[in-house]
Each structure stands twice: as C-alpha cells, then as structure tokens.
C-alpha cells in the first residue's frame, strides 16, 4: 500500500490518505511517526516511502518515518537513494559511502573518477537544482508534481562523468518536455555541477576548503629573484575574469587576458592582449542557446573589431549536435561542414565530414553502441564510397571501464594495435599493456594507489621485459595534498628529480623543483591564494 500511494503521489494524484503535507506539515500517509527534512534546499516535491509511511516531501522538505526504518526517495522512476530515517537527510546520505569531502586535491581526485560516490552527489545536486520550479535556491528547491510526472518510466543514472551528465539523453528529453509545457518559471537548462555543489555546501553549512591563486611567481634559478609572474582575478563563483603575465620579471605585464561569463557559467567573451599594451589583439565571442548549448563562435584574430572566422553548431531538441559549419575567413561560405545522425534506439550514430566545403563528403564515421550506450565499434570510410577504411573496437567491464581497445588501421582484417587495461575496485586504472597487432607486448604501465585513491607509484616498462625502466612515486601530507613527487627515470632506486610542494592553511604556497636530485632546488615557485566557496576553482564545466 505504501509503495502504491507513493507512486500515485509522485504522479501528482491524491486520494491515498492525506496527500502532500497531509498532517500539519509533515508530508505523507501512515500515522504521525517521526519527522525528517530532505535538506540541501530544503527539497520539496520528492516522493518517499518507508514500510509504514509514504508521500511527498512538503514545501519545508519534511517527510515521515518510524525509528529504525529505511526511507527511499525518488522522483517518478528515478531513484535518488535510500537511507535510515533521521532528522536531516542530504544527497550525501542517499549515495552509498558518500561523505562531504574538502581540500583541492582530494575533491579533484574524487570528481574526476565516475565511480567515486562524490560524482553521484555532484550529479544529483545538479539534477535537483535544475528541477527547481522558480530557479531561486534562496527559497529552497521545489519540484512540482507536473515535472515529477515526466520522470515516470525514466531512470537517471547519477554515476556518470560530471561533464557528460548535462548531456544525459533522458534528462535532456524530460527537460525539453517540461520547457515545452512551460512547467518552469523560466526556460531551464541543466545546472552546472560546480554551481550546484557550491550551493549545496553552502546550504549544508559546509566548507570545501577551496582556494584560488591570486599571484604566481617563478624563480628559475632559485636565486631569490623573480623571473616571471602572473596575477589572476575571479568572480564570486571562482571564475577567472582577468589574468596578466609578466614573462621577464620586470614588473610590467607582457600579456593580459580577460573573460566574461553568462549567468550559467558559460564563457561568452575572451580577450587577449598578447603584448600588454592595453589593446586586445584577439577577441573571441561565444553564443549559447537557451538550453546552454554553444551555437556560435566568432573570432576577431587581430582585434580590429571585424569578425575573421565563424563557427556555428545546431542541435536537436535534446541537445545532440546535428551540424557544425566553420567559415575560416567569414566570407559566407563554410570551409568545413560536419553533419551528425542518430538512429531511433540510440545504438548507432555517426558523422559526415566535408573537410573543404565543396559539398562532397570526405570522411564518414559510424559508431556502434551497446545497450548501455558505450561505444563498442567505430568504422571510418574515407571518401564515403561505402568502403570501410579503418576500424576500432572497444570492450568494457561491468562498471563501464574500458578494458580493451583494438585498431585495424586499414580495415584489412588484421589488427595493428591493441591496448589492455585493468582497474581496482575504485575504477582507477592500475595496469595498461600496449601490444602490436599480433599480440606482442610493446610496453606496460603499472600504477599503485592507496585506500583513498591517491596515486602512490607509477612504473613504466618501456620494452616489456618485466623490469621497469622508470618509476614515479608520490607522497601526501595529512590533508591529502601532494607533498613530494620523485622521478626515478632509470629505475635504479635513486630519484633523478624531485618536486616538493608546501601548503599554508591548506593552500599551495610553494613548490621546490630539484631537477638533478642533489638536494638543492633549481626552481622555486611561489603561490599567493585566497579561500573561495566557488567550485569552479576545482573543476570547470
């Protein structure tokens, strides 16, 4: 009964008890029970169920449960996760083994690994904030029943690359439907993962301990003189807006770059002053559509105000690229045209490339995907005459890690190159073996990690004789920051060069490079940083 009621409520229906907020503000059916809050907003409009309660979180994010019960949260058929009932539940509680992390290096490592629980939290935060009805997080995240209904039969996978998540086909399909029905206060695009995490941490009162570098100084001879330096300025999202570089240490900038962004974090303008005279000599302008997809890039290569080249991109309703045109001299005639096609069941796609704009296809590429959407085969036809000229194939493990790649460069049926990969339980690559087409091993790379996913060593056997030819080792401080890198380039047990990193209050402050490992640094780099709440400092999407 609880599940049936929850599904009905998730579809915006009532009649299974009190409906949303049916007993004095705590959402759900099934008696009084205990009250919890789905925080990170708070978040309202999310369906929940326990053994004895079911319903939708109220405008205050509340739900009901009994002591010791597991609470499951979902929107339509997209499951957010489950956790034991408690007073406050956040997205971190809904992803197994997830916990709030802090520190630049720690967060960067976690966010770059799709199997790390933090990745699912990032994507879930972006997902929930994207669905907020009025796009105003100051009053919480409110998901309407009309939007929730669109997720019936839709299961979003949050354990995927954070940069690819904004192009998730199912999510973009639902957003297209919701925008088409005017279900949001304004047209909605998938929210930046960096923005989403900055706002999630702020709402939970967490400090990610991130920093931006304001000034960088380089002393090439370690003789207490500054040979080059750079300075940066950032906005409140930690997006870089100004950068200047002094290449000779005379205190005057040799080059200046400036950046502008739209409200969603997309870079819309870039100016480069390569000689530091205060006048830009290269200007790039980028235009995005209402879905956040880049549609036009204009280049002014000499800063005279005239557009020298234009590139345009068109998309379908769910954000898939349909056509790219590049006009290198802005004369109205494209120099290069690429058109893209997709089949109905998402198992094949491809492109047709006209490399010189003469109206004829010079290259045709067809991609074959498995049921999980992974690329398993690629065929290239040079000239579009129906003959495959090159072929590649890919294999994956159960978690989507690529474990084999092979290439037949001339499509004669004989393999030319093979690569094999192995991973640990954290999806980190531990072994790579490159082979000739006949299976002869050319070289191997072995990588060892600690329990936190930090790289401890990387050994390269360049001739595959079973003995490493070079070994790199890594050591970390108590906060998880890289403290020492050593390169034993001939694998004789003695480092040939080292790099030592020092930190002040968690921020990188100095790097000492000893290029011959004689104990005396040959180069010293100084960093002046300040704390920021902006997650763009950690990754830029």
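Residue numbers (this note's numbering): 205 to 745.
Ideal placement from N, C-alpha and C gives every residue a C-beta, glycine not left out.
Quick caveat: nothing in here was measured; it's all calculated off a predicted structure.
Exposed or buried, what is residue i when buried is set at 16 or more other beta-carbons lying within 10 Å of its beta-carbon?
{"i": "residue 529", "result": "buried"}
{"i": "residue 433", "result": "buried"}
{"i": "residue 379", "result": "buried"}
{"i": "residue 236", "result": "exposed"}
{"i": "residue 495", "result": "buried"}
{"i": "residue 385", "result": "exposed"}
{"i": "residue 255", "result": "exposed"}
{"i": "residue 696", "result": "exposed"}
{"i": "residue 452", "result": "exposed"}
{"i": "residue 205", "result": "Annotation note: pLDDT 36 at residue 205 (below 50); position unreliable, coordinate value reported separately. Exposed, because fewer than 16 other Cβ atoms sit within 10 Å of the Cβ of residue 205."}
{"i": "residue 666", "result": "exposed"}
{"i": "residue 258", "result": "buried"}
To which residues of the same chain is residue i closer than 8 Å at the C-beta, ignoring the five residues directly before and after it?
{"i": "residue 714", "result": "705, 706, 728, 729, 730 and 731"}
{"i": "residue 692", "result": "674, 675, 676, 677, 698, 699 and 700"}
{"i": "residue 552", "result": "546, 570, 571, 572 and 573"}
{"i": "residue 240", "result": "266, 267, 268, 269, 275, 289, 290, 291, 292 and 293"}
{"i": "residue 303", "result": "296 and 321"}
Using a threshold of 7 Å, state whether the C-beta atoms of residue i and residue j are closer than that.
{"i": "residue 416", "j": "residue 438", "result": "yes"}
{"i": "residue 274", "j": "residue 291", "result": "no"}
{"i": "residue 534", "j": "residue 518", "result": "no"}
{"i": "residue 399", "j": "residue 469", "result": "yes"}
{"i": "residue 352", "j": "residue 279", "result": "yes"}
{"i": "residue 523", "j": "residue 497", "result": "yes"}
{"i": "residue 648", "j": "residue 662", "result": "no"}
{"i": "residue 360", "j": "residue 339", "result": "no"}
{"i": "residue 281", "j": "residue 358", "result": "yes"}
{"i": "residue 660", "j": "residue 689", "result": "no"}
{"i": "residue 600", "j": "residue 578", "result": "yes"}
{"i": "residue 244", "j": "residue 407", "result": "yes"}
{"i": "residue 505", "j": "residue 527", "result": "no"}
{"i": "residue 623", "j": "residue 594", "result": "no"}
{"i": "residue 736", "j": "residue 414", "result": "yes"}
{"i": "residue 725", "j": "residue 426", "result": "yes"}
{"i": "residue 619", "j": "residue 641", "result": "yes"}
{"i": "residue 431", "j": "residue 419", "result": "no"}
{"i": "residue 277", "j": "residue 296", "result": "no"}
Mind reading off the beta-carbon distance from residue i to residue j? Whole number of angstroms is fine, and I expect it under 8 Å.
{"i": "residue 242", "j": "residue 293", "result": "5 Å"}
{"i": "residue 330", "j": "residue 390", "result": "That belief does not hold up - the Cβ atoms of residue 330 and residue 390 are roughly 17 Å apart, past 8 Å."}
{"i": "residue 683", "j": "residue 307", "result": "6 Å"}
{"i": "residue 344", "j": "residue 247", "result": "7 Å"}
{"i": "residue 341", "j": "residue 403", "result": "5 Å"}
{"i": "residue 271", "j": "residue 238", "result": "6 Å"}
{"i": "residue 492", "j": "residue 499", "result": "6 Å"}
Report all residues from its chain with a CB closer than 6 Å to the CB of residue i; omit the five preceding and five following residues, and keep chain order.
{"i": "residue 740", "result": "398, 441, 442 and 443"}
{"i": "residue 324", "result": "299, 362 and 363"}
{"i": "residue 626", "result": "634 and 635"}
{"i": "residue 597", "result": "581 and 610"}
{"i": "residue 613", "result": "594 and 620"}
{"i": "residue 703", "result": "689 and 717"}
{"i": "residue 312", "result": "742"}
{"i": "residue 310", "result": "684"}
{"i": "residue 376", "result": "522 and 523"}
Just to check, is the beta-carbon of residue i closer than 6 Å to a non-hydrogen atom of the ligand NAD?
{"i": "residue 725", "result": "Ligands in the displayed structure: none, and consequently the ligand NAD is not present."}
Does any residue of chain C bring its CB to less than 7 Å from the CB of residue i?
{"i": "residue 686", "result": "Within the model displayed, chain C is absent; a lone protein chain is all it includes."}
Under 7 Å Cβ to Cβ from residue i, same chain only, skipping five residues before and after it: list those, please.
{"i": "residue 229", "result": "The pLDDT assigned to residue 229 is 44, lower than 50, so where the model puts this residue is not dependable, and the model offers no usable value."}
> Are there three or more Cβ pairs, one per stretch, closer than 8 Å when the region 653-668 is compared with the region 620-634?
Replying inline: yes
> Is there contact between the region 440-447 and the region 459-468, where contact requires at least three CB pairs shorter than 8 Å?
Replying inline: yes
>> With a threshold of 8 Å, are at least 3 pairs of Cβ atoms found where one atom belongs to the region 553-573 and the other to the region 538-545?
In response: yes
>> Counting beta carbon pairs with one atom in the region 578-594 and one in the region 559-569, are three or more of them shorter than 8 Å?
In response: yes
>> Counting beta carbon pairs with one atom in the region 259-266 and one in the region 357-371, are three or more of them shorter than 8 Å?
In response: no
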